[in-house]
Amino acid sequence: MLLEAATTVFLTKGFDNATIREICRKANRTTGAFYQHFQSKNELLKIILSPLFTALTNSYKQQLQQGLAAINKVKIGQIWQEYLLNLDPLITIIYAHPQKRALLLFDAAGSQYSDLAELTTRYFTQQFIELINVMQQQHVIPFEFQFNYQELHFRVFAFFATVCDILKHNYQEAETKALCRGLYQFFYPGWLTWLQIKQPG
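Read left to right, the sequence shown gives residues 1 to 201 (the UniProt record's numbering).
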């Protein structure tokens, strides 16, 4: 009851403006009952959004592993397009949870999820570090290639902050996917140049 009530209140008033008292009133519970189960609004929001994040990370982890297993010089463009920067499966998951999507994108101000672009960038920066390590081991990237973490972070931010902005425009699912595919096509040549990857002629 508290989770359902909190979702409704957060979507109506926004996380920052919602109060525990309002949530309890909506759920016909006392604030004492609330604190028997949750420590704060932030913890409550985390539990509400947890299934979405779990689905997203599990999906991308599987996708990334498939891409890493298939990386080679001949198919590098195809691998990046189909696995590493293919956001279609993640977008499908996001749109399959309309309430959680709305809560995360539009009503999470004041919570630990308020800076979604930065949170997304941190996650994908770690994934790209793993990617770079594997690509060097398989001689797709020159072994002597070295990167600065800050530089990698901002390159990843440039892409995924724009993805977050596309999501926040609340387009239809198909249009969101199309825009993200176009974004990938725009960024892809720059990634190849920076990583010193030479496409076979």
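Using N, Cα and C, we set each Cβ at its ideal position, and we do this for glycine too. Note that the structure is a prediction, hence the values are computed from the model and not measured.
Check                                                                                                                           : Outcome
Check whether Ser-114 and Asn-42 have beta carbons under 8 angstroms apart                                                      : no
Neighbourhood of Arg-29 by C-beta distance below 7 angstroms, restricted to the same chain and skipping five residues each side : Met-1 and Leu-2
Cα-Cα separation, Lys-46 to Tyr-95                                                                                              : 19 angstroms
Buried versus exposed, by CB contacts within 10 Å (16 or more), Gly-67                                                          : buried
Contact set for Asn-72: own chain, Cβ-Cβ below 6 angstroms, skip 5 residues either direction                                    : none
C-alpha gap between Ile-132 and Asn-148, whole angstroms                                                                        : 12 angstroms
Phe-143 classed as buried or exposed, judged by whether at least 16 other C-beta atoms fall within 10 angstroms                 : exposed
Whole-angstrom C-beta distance between Asp-165 and Phe-15, which should lie under 8 angstroms                                   : About 20 angstroms separates the two Cβ atoms, so there is no contact after all.
Residue ranges of each alpha helix (DSSP H) within the UniProt domain "HTH tetR-type" (1-56), 4 or longer                       : 2-13, 20-27 and 31-37
Cβ neighbour criterion (16 or more within 10 Å) applied to Thr-176                                                              : buried
Proximity of Leu-183 and Val-163 at Cβ, strictly below 8 angstroms                                                              : yes
As assigned by DSSP and simplified to three states, the class of Ile-93                                                         : helix
Whether Leu-105 touches Lys-168 by CB criterion (8 angstroms)                                                                   : yes
Whole-angstrom distance between Ala-102 and Thr-54, CA atom to CA atom                                                          : 17 angstroms
Buried versus exposed, by CB contacts within 10 Å (16 or more), Gln-39                                                          : exposed
Cα-Cα separation between Phe-187 and Thr-120, rounded to whole angstroms                                                        : 17 angstroms
Test item: CB-CB of Ile-91 and Cys-24 under 8 angstroms                                                                         : no
Neighbour-count burial assignment, Tyr-60, 16 or more Cβ in a 10 Å radius                                                       : buried
Cutoff 7 angstroms; reference Val-134; Cβ partners in own chain excluding five residues on either side                          : Leu-68 and Ile-71
Same chain only: Cβ atoms within 8 angstroms of Ile-93, ignoring 5 sequence neighbours per side                                 : Leu-52, Ala-55, Leu-56 and Ser-59
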